[in-house]
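Residue numbers (mature numbering (1 follows the signal peptide of the UniProt record, and there is no 0)): -26 to -1, 1 to 294.
Notes to accompany the following structure.
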Amino acid sequence: MNGKLKALLMLSLCTFLLAVGWPATARADLTVDDDGVQCPRADYTNLQDAVDAAQPGEVVRVCPGLYMGTITIAADKAGLTLRGVRHRTIEMMDRVGDPSQEAVLVGSPEGMPGFAVQADDVAIVGFTIQDTGDTGIEVKPADGVTPVHGARIARNRLDTVGDPSVQGTDCAGGRGINFEVANAATAIGNYITNSCGAGIRLKTATNGLLKRNVIDGSRKRPGIAVRSGDSHQIIANTSLNNREAGISLHGSIDNLVRRNMMMGNGVPGDPLRPIPGKGSNTDADDTTNLPLENDPDNTWEGNRCITENRDGLCTFRRVR
């Protein structure tokens, strides 16, 4: 990523996160430090032990250190907040996984996520997540049926999720953030690079909000993928250098896609058009980097592509 684009993305993220922030009234009820150096009075050295001991609605403050996945937030932990602590001088896009400066979740068993969120109203904030065996953060009910409500994923840095030993597009799974059978889920201000699957996926989900996320370099899938479900807001995200589309909708209706920026994605997509008998799609920009497959009543507004081609087309990067 060139310096000018990086600076632009960093300014956008910082401005938004300073304005929005996260609830300042929450207190740290439990503290975790893997080695006791940064937080000598920590209650736990093992993150899963702290999660298991926490009561619903409590906050677990995770000090800089190295923590192993999978961390499971079971269904009886509703309202739990896991907040990673990092050195204040380290910006989001400069995190490299230094456990002396950042709360780093690294690795998970093959086919397992870094974080598995099964409870309602859980927040995962401020972590660096690397080299997981599958998805970085997965919000999905244990029974696969009862939707998980109100997950909040913010200000996390995710890099190389999916099997890190598999190069290129031969990897499987490995999404950055996956909301599956979920409602009212929120992802704000996350920075996701080198995922195997989509940077962020919404599957069989409703009323989600994806805002001010940066997805760069999905090795196999779109930057943002919506698969079934409805009524999502996808606003002011940046999706670039992904093997497939910047943003892709499939089997999903009544979504608002607004003020997103896309560049250098591998599949430009198809122009949007009305679907007879099913409703209309509105694209105020004629932006063809947003593929659409049998999805009525979606609206695109103010999206743009950075490109040397004519207006309405994103850079086409042929993949082999």
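Beta carbons: idealized from backbone N, C-alpha and C, even for Gly.
- Where Phe101 and Gly225 are concerned, what is the direct C-alpha to C-alpha distance, given to the nearest angstrom? Stepping through the sequence shown from its first residue, residue 101 is reached at position 127. Stepping through the sequence shown from its first residue, residue 225 is reached at position 251. Cα to Cα, the separation comes out at about 32 Å.
- Same chain, Cβ closer than 6 Å to Tyr18, neighbours up to 5 away in sequence not counted: Sequence index remark: in the sequence shown, residue 18 carries index 44 (1-based). Once the five neighbours on either side are set aside, the close Cβ partners of Tyr18 are Val6, Ala24.
- Query: Around the C-beta of Thr120, are 16 or more other C-beta atoms found within 10 angstroms, so that it is buried, or is it exposed?
  - Reply: For the purposes of this step, residue 120 is taken as residue 146 along the sequence shown, with counting starting at 1. By the neighbour-count rule (16 or more Cβ atoms within 10 Å), Thr120 is not buried but exposed.
- Please work out which residues of its chain come closer than 6 Å, Cβ to Cβ, to Thr(-2), disregarding the five sequence neighbours upstream and downstream, and give them in chain order. For this step, residue -2 is matched to residue 25 along the sequence shown. In this prediction, Thr(-2) scores a pLDDT of 40, lower than 50, which makes its location untrustworthy; the coordinate-derived value is nonetheless stated afterwards. For Thr(-2), where only same-chain residues beyond five positions count, there are no Cβ hits under 6 Å.
- Item | Beta-ladder partner(s) of Gln207, from DSSP | Within the sequence shown, residue 207 is the residue found at index 233, counting from 1. Paired residues: Leu183, Leu230.
- Determine the contact status of Asn234 and Asn211, defining contact as a CB-CB distance below 8 Å. The count along the sequence shown starts at 1 and reaches residue 234 at position 260. The count along the sequence shown starts at 1 and reaches residue 211 at position 237. Result yes, Cβ atoms of Asn234 and Asn211 sit closer than 8 Å.
- Task: Spell out a yes or no on whether the region 165 to 174 and the region 182 to 197 are touching, meaning 3 or more CB-CB pairs, one atom from each, closer than 8 Å.
- Result: Under the Cβ criterion (8 Å, minimum of three pairs), the region 165 to 174 counts as touching the region 182 to 197.
- Item | Which of helix, strand or coil DSSP assigns to Met86 | By 1-based counting over the sequence shown, the position of residue 86 is 112. Here Met86 sits in coil by DSSP.
- Among all the DSSP beta bridges, which residues are the ones paired with Glu154? Looking up residue 154 in the sequence shown gives position 180. Per DSSP, Lys177.
- According to DSSP, is Leu54 helix, strand or coil? Along the sequence shown, read from residue 1 onward, the residue named residue 54 stands at position 80. The answer is coil: DSSP assigns Leu54 none of H, G, I, E or B.
- Query: Quick one: what does DSSP say Gln22 is sitting in, helix, strand or coil?
  - Reply: Counting from 1 along the sequence shown, the entry for residue 22 is found at position 48. Looking at Gln22 - three-state DSSP - the assignment turns out to be helix.
- Identify, in the order they occur along the chain, each residue of the same chain with its Cβ nearer than 6 Å to the Cβ of Gln207, setting aside the five sequence neighbours on each side. For this step, residue 207 is matched to residue 233 along the sequence shown. So the list reads Leu183, Leu230, once near-sequence residues are dropped.
- With DSSP collapsed to three states, give me the class of Leu(-10). Taking the sequence shown and counting its residues from 1, the one referred to as residue -10 is at position 17. Confidence at Leu(-10) is low in this model, with a pLDDT of 47, below 50, so its placement is unreliable and the value that follows should be read with caution. Three-state DSSP puts Leu(-10) in a helix.
- From which residue to which residue does the beta strand (DSSP E) around Thr167 run? Position 193 of the sequence shown, counted from the first residue, corresponds to residue 167. Looking at the DSSP string, the run of the beta strand (DSSP E) that includes Thr167 is 165 to 167.
- Under 8 Å, do Ser202 and Thr178 count as touching if we go by C-beta distance? Numbered from 1 along the sequence shown, position 228 holds the residue referred to as residue 202. Numbered from 1 along the sequence shown, position 204 holds the residue referred to as residue 178. Contact: yes.
- Val70 classed as buried or exposed, judged by whether at least 16 other C-beta atoms fall within 10 angstroms: Stepping through the sequence shown from its first residue, residue 70 is reached at position 96. Exposed is the call here.
- Query: Do you know how far the Cα of Pro30 is from the Cα of Ala156?
  - Reply: As a working note, residue 156 is residue 182 in the sequence shown. As a working note, residue 30 is residue 56 in the sequence shown. Their backbone Cα atoms lie some 19 Å apart in a straight line.
- Select from Cys13, Gln22, Gly53, Thr55 the residue whose C-alpha is nearest the C-alpha of Cys37. What you label residue 37 is simply residue 63 of the sequence shown in a count that begins at 1. Minimum Cα-Cα distance from Cys37 among the listed residues Cys13, Gln22, Gly53, Thr55 corresponds to Cys13.
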